[in-house]
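Notes for the one structure printed next.
Protein chains: 2
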Amino acid sequence: MGAEVTISLDAMGGDQGPEVVVPGAADALIRNPDLRFLLIGDEKRIRPLLEPYKRLKERSEVIHTDVAISMDQKPSVALRKGRWHSSMWLALQMVKDGRADAAVSAGNTGALMAMAKFCLRTLEQVDRPAIAAIWPTIDSECIVLDVGANVGADARQLIEFSVMGAAMARAVFNLEKPSIGLLNIGVEEVKGLDHIKEAGQALRSTPLSFRYHGFVEGDDIGRGAVDVVVTDGFTGNIALKTAEGTAKQISAYLRAAMGRSFLARMGAVLAQGAFSALRDKMDPRQLNGGIFLGLNGIVVKSHGGTDATGFASAIDLASDMASSDVVRRLADDVARFQTELQLEGAA
Amino acid sequence: MGAEVTISLDAMGGDQGPEVVVPGAADALIRNPDLRFLLIGDEKRIRPLLEPYKRLKERSEVIHTDVAISMDQKPSVALRKGRWHSSMWLALQMVKDGRADAAVSAGNTGALMAMAKFCLRTLEQVDRPAIAAIWPTIDSECIVLDVGANVGADARQLIEFSVMGAAMARAVFNLEKPSIGLLNIGVEEVKGLDHIKEAGQALRSTPLSFRYHGFVEGDDIGRGAVDVVVTDGFTGNIALKTAEGTAKQISAYLRAAMGRSFLARMGAVLAQGAFSALRDKMDPRQLNGGIFLGLNGIVVKSHGGTDATGFASAIDLASDMASSDVVRRLADDVARFQTELQLEGAA
């Protein structure tokens with residue numbers, strides 16, 4: 001892949017569609033001037049939105065379709081009905097055909113995963129794809145996976161998620177030997193669910209291209225104890241949403257505390273620069289995007305309810321992933337790991 | 001139970017032992033002047049600590065033992081070795097013998113649960129005890145269970161946890177018909193793990209003494225969507241620790257943001273009343289205590305690393321539970337529910 005990266009955008013996905021996707025792409029283009037876009041959706045809605053953005057217009061191709069996958073469509077139905085013409089499917093198809101290096105959609109997660117598996121196919125070295133999230137920590141960021149591609153995971157899948165998470169950490173964080181932790185309810189080796197203990201034993205006893213840290217607990221994620229936190233899709237999704245809920249809750253406390261007295265309001269005015277820095281740090285839009293790992297191509301899922309700033313973050317992430325050739329590296333890593341590890345012992 | 005409530009305190013439990021337990025009891029006594037205490041631990045350490053607290057001294061009996069269960073003792077070992085003489089076991093024994101209405105310990109959770117099951121026995125209507133936590137929400141509080149008594153739960157246990165959580169909500173929050181939600185990765189009935197869907201179907205189709213709300217997601221906990229959030233002990237523990245970690249992380253951001261510039265520091269000085277209100281709201285010590293539900297007696301587990309303020313909160317909770325006769329009400333509720341529900345259909 002050269003310096004030039006092309007990203008296909010499902011312009012009909014999400015709660016807003018092109019009204020968020022087009023300004024999001026314009027925003028991302030300011031930071032990454034070499035990007036090109038395939039804007040896939042209703043031409044009549046997209047063209048007028050492009051008008052204010054001269055440079056984006058030059059670097060975009062509009063591919064018309066007025067078929068959208070709705071946010072509440074069941075994955076199985078999305079796969080059956082009219083999938084070949086939907087903006088979501090076409091965005092993936094562009095990656096498959098090599099016309100785009102990555103696809104970004106703010107559409108329905110379940111439908112996107114089902115379509116991505118069908119269109120791009122799972123890497124032959126991989127059993128099950130996972131969704132990875134970038135999670136802010138006190139001093140930096142970490143990767144958490146799976147946050148919802150699967151409802152469970154066995155030992156073998158947890159090991160695979162570890163290898164894929166490590167490959168992503170190398171690509172996105174530029175780390176030589178990232179550290180990996182398995183999410184559990186205690187750090188002692190005897191604690192927790194059997195398949196987690198089994199995965200831990202296999203990871204501990206295998207020479208690895210990453211550093212296996214051991215078990216981590218829920219509060220270790222935000223503390224930044226490891227670069228990659230590995231868990232099943234059920235637990236990962238609950239943890240992610242619980243953290244989002246806690247952040248919202250504390251924002252509400254902060255607003256209430258600051259509005260309570262004259263002095264507090266005065267203080268808030270003086271400290272507003274600091275508050276806006278804090279809001280940026282707590283802003284889920286800055287880290288907006290679930291990355292699908294384990295497929296023959298890069299797919300980034302943006303929050304359905306995001307705005308242009310959030311959608312632009314998802315594009316940034318897709319661009320980082322595409323420039324670092326992560327798919328090939330990930331496939332190599334999984335293959336190498338399967339040679340290193342007696343997988344029968346872990347499966 | 002009369003107005004007078006006696007609480008047995010494992011004075012050797014936790015990281016600090018009597019140095020936290022004695023001042024914690026003194027603090028709780030200010031708010032609940034009718035409390036009496038059985039202070040169980042090393043007399044030579046407890047007596048001098050009692051000296052500054054005249055009223056606490058009058059209302060406490062010291063029961064000597066110098067055997068402590070260490071924080072890293074395995075539950076199975078704690079049950080075997082010297083259990084009859086440990087402060088933890090004796091605190092539970094006082095409840096069993098009717099000399100105390102509730103026991104509070106900051107000791108090792110696994111050992112306390114193992115001993116509590118052995119000493120007090122599980123209620124005959126109940127399959128498995130659970131640990132409930134009180135979780136702050138934006139406007140109030142909710143109950144989350146199980147947060148770690150078990151590593152998993154089947155449909156029948158989730159239903160039982162729902163009934164026990166509802167009984168506790170009636171006792172602690174004084175609610176006629178509390179609302180209950182099952183923690184899942186989506187609110188649609190088709191989503192999530194099979195045993196959760198099964199429990200949801202059974203709860204939906206049974207006439208209940210509480211209001212079954214349906215599925216809730218991780219961010220609904222802090223939002224206060226329901227009075228009681230029901231989940232298995234693995235997921236509940238991960239969610240609880242993730243929320244604690246997120247709160248700590250945001251505190252760190254806030255401190256950093258406020259120290260960044262002169263204006264921000266000025267603002268922080270002016271707003272310090274508001275900040276201290278915020279810290280109170282975010283302070284885990286204010287809601288310190290996991291309540292063991294489903295046993296023949298009330299046992300409250302305080303955080304091992306808590307200070308006197310936190311230990312006093314755990315005593316407050318034990319006192320609320322004891323005054324509301326929650327054990328009998330809980331046993332009645334579970335029995336009634338088992339009549340109402342075709343349990344075979346759910347088990």
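Line by line, the protein sequences give chains A and B.
Heads up: the first sequence is residues 1 to 347, going by the UniProt record's numbering.
Heads up: the second sequence is residues 1 to 347, going by the UniProt record's numbering.
Where is the CB? At the ideal position from N, CA and C, for every residue including glycine.
About 16 Å separates the Cβ atoms of residue 42/A and residue 71/A, ruling out a contact at the 8 Å cut-off. Under the three-state reduction of DSSP output, residue 10/B falls in the strand class.
If you draw a straight line from the Cα of residue 17/A to the Cα of residue 244/A, it comes to about 24 Å. Here the alpha carbons of residue 103/B and residue 165/B stand approximately 19 Å from one another. With fewer than three CB-CB distances shorter than 8 Å, the stretch 202-213 of chain B does not count as touching the stretch 244-256 of chain A. For the pair residue 111/A and residue 88/A, the CB atoms are nearer than the 8 Å cut-off. With contacts defined by Cβ atoms closer than 8 Å, residue 147/A and residue 233/A form a contacting pair.
The criterion of a C-beta distance shorter than 8 Å is not satisfied by residue 298/B and residue 331/B. By the CB criterion at 8 Å, residue 290/B and residue 132/B fall inside the cutoff. Counting other Cβ atoms within 10 Å of its Cβ, residue 190/A stays below 16 and is therefore classed as exposed. Within 7 Å of the CB of residue 246/A, the CB atoms of chain B belong to 222, 243, 246 and 247, in sequence order along the chain. The residue from 98/A, 8/A, 34/A and 67/A with its alpha-carbon nearest to that of residue 84/A is 67/A.
The stretch 208-228 of chain B makes no contact with the stretch 118-129 of chain B, as fewer than three CB pairs between them are under 8 Å. Counted as a single uninterrupted DSSP element, the alpha helix (DSSP H) harbouring residue 253/B occupies residues 233-258. Nearest to residue 272/B by C-alpha distance, out of 264/A, 269/A and 273/A, is 264/A. The beta carbon of residue 319/A is closer than 8 Å to those of 5, 7, 28, 32, 35 and 102 in its chain, skipping five residues each way along the sequence.
Here residue 239/A is near residue 242/B, since their CB atoms are less than 8 Å apart. Counting the other CB atoms within 10 Å of its CB gives residue 44/B a total below 16, which places it among the exposed residues. When secondary structure is reduced to three states using DSSP, residue 298/A falls in the strand class.
Within its own chain, the residues whose Cβ lies closer than 6 Å to the Cβ of residue 179/A, once the five positions on either side in sequence are excluded, are 211, 213, 226 and 227, listed in chain order. Here residue 108/A is buried, its C-beta having at least 16 other C-beta atoms within 10 Å.
At the C-beta level, residue 65/B and residue 40/B come within 8 Å of one another. For the C-beta of residue 235/A, the chain B residues within less than 8 Å are, from N- to C-terminus, 234, 235 and 238. When C-alpha distances from residue 20/A are compared across 339/A, 326/A, 314/A and 337/A, the shortest belongs to 314/A. In this structure, DSSP gives residue 36/B an extended state, which the three-state scheme calls strand. DSSP places residue 23/B in the uninterrupted alpha helix (DSSP H) bounded by 18-31. Contact with chain A is absent for residue 21/B, since none of that chain's Cβ atoms lies less than 8 Å from the residue's Cβ. Annotation: residue 195/A to residue 185/B spans about 21 Å, alpha carbon to alpha carbon.
Just so you know, the alpha carbons of residue 266/A and residue 258/B end up roughly 14 Å apart. For residue 217/B, the chain A residues whose Cβ falls inside 7 Å of its Cβ are 241, in order along the chain. Cβ atoms of residue 116/A and residue 92/A come within 8 Å of each other, at about 6 Å. Among the residues of chain B, those whose CB is under 7 Å from the CB of residue 138/A are 249 and 252, following chain order. Bounds of the alpha helix (DSSP H) holding residue 110/B are 109-120. Residue 300/A is not a Cβ neighbour of residue 167/A, given a cutoff of 8 Å. Excluding residues up to 5 positions away in sequence, 89, 92, 93 and 96 lie with their Cβ nearer than 7 Å to the Cβ of residue 119/B in the same chain.
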